[in-house]
Structures are given as structure tokens and as C-alpha cells.
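Okay, so here's the structure we're looking at.
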Amino acid sequence: MNSQFEPLNTLLQQQQAQLDALLLLLRQELAALASRDIEALNTLTTEKQQTLTEIQTTDASIAASEQLQAARAEPWFKQQIGKLEDSLASCKQQNDVNQITLEQSQLTLQRLKTELLSARGKSGLTYTNKGKPTVDNIGKGIKA
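The sequence shown begins at 809 in the numbering used here and counts up by one.
Right under this line is the structure:
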């Protein structure tokens, strides 16, 4: 690598560190989802948003770099971009796993809610206009 590309290389290394930090946050998020730790999820969400903003800022700096066009033909640049793409793919994969875990958790809670509602008021169990189960509390006490 030529010393003229040092600022660009520094930005690329910075972005690699940010993607590594994002992957770590995503793995911590999965652990928090599994343990249903709401406080940790709130903290991780804030940190994740901040890290994504930093990645976006670094990406804009790379795109605005004057050395970018010349560096694209360099083998070290292609290798570094390959590492960044691998890290980004890992982040996307972990995010997909987190999303599936969250959706499964929500489905489990919805089933539990339905079971509780049906056990509480078997005769008054109805559905809302959106298809969600609810207990109809209007009944024997109403006189028209």
C-alpha cells in the first residue's frame, strides 16, 4: 500500500472496527432476547443506533475521499473491501436471527395471552375487528 492512501486505509479500518462492534452488539441483543432482559435491550438498541450512525458517517467519508477512484484498482483495497463485505454479511445474518427470535417470542406471548383470555372468560371470548382475541365483559349485568 502506498502512503498516499493512508487516510483512506484509516477510514476502512475504522469502518471494520465499527462493523465488528455492531456484530458484537447484535450477539448481545440475541442473548438479551433469550433472557427477556428489557433493560439490556433498551441499552443495546441505543448503542446499536449510535453505531449504525457512525458506520453511515464513515461510509460517507470513504465515498467522499479523493483517493477512492485511484485506490479501487489496488489489490489491498479490494481485499479490505472483501473483509468489510464479509463483516456486513455477518451482521445481516445475525440481525435476521435476532428478528426470527423476536418474532417467535411474540408468537409465544400471543398464544399465552389467548390461552389466559379463554380460560378467564370462556363464555365471553370474542375477537376484535383485527382478529385479536378479547374477553367480552358486557353480559349478564346489562339491562336495556
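Built from N, CA and C at the ideal position, the CB exists for glycine as well.
When only Cα atoms are considered, Ile870 and Asp904 end up about 27 Å apart. When the five nearest sequence neighbours on each side are left out, the beta carbons in the same chain lying within less than 7 Å of the beta carbon of Ala879 are those of Phe813, Leu816, Phe885, in order along the chain. For Arg844, no alpha helix (DSSP H) encloses it, and the DSSP letter there is neither H nor E. By a beta-carbon distance limit of 8 Å, Leu910 contacts Leu841. Their separation comes to about 6 Å. 8 Å or more divides the Cβ of Glu837 from the Cβ of Leu827. Under a 10 Å Cβ-count criterion, Leu920 is classified as exposed, with fewer than 16 other Cβ atoms of the shown protein chains found around its own Cβ. Closest by C-alpha distance to Ser913, out of Thr818, Ala829, Ser843, is Ser843. Gln902 and Pro883 have their C-alpha atoms some 29 Å from each other. Considering only Gln887, Leu915, Ala927, Lys940, the residue with the shortest C-alpha distance to Gln824 is Gln887. About 7 Å separates the Cβ atoms of Leu819 and Ser873, confirming a contact at the 8 Å cut-off. When rounded, the separation of the alpha-carbon atoms in Asn906 and Gly939 is 26 Å. Inter-residue distance for Lys891 and Asp867 is about 15 Å (C-alpha atoms, whole angstroms).
Shown here for Cys899: same chain residues with a beta carbon closer than 8 Å to its own, the five before and five after excluded, namely Leu827, Leu830, Leu831, Leu834 in chain order.
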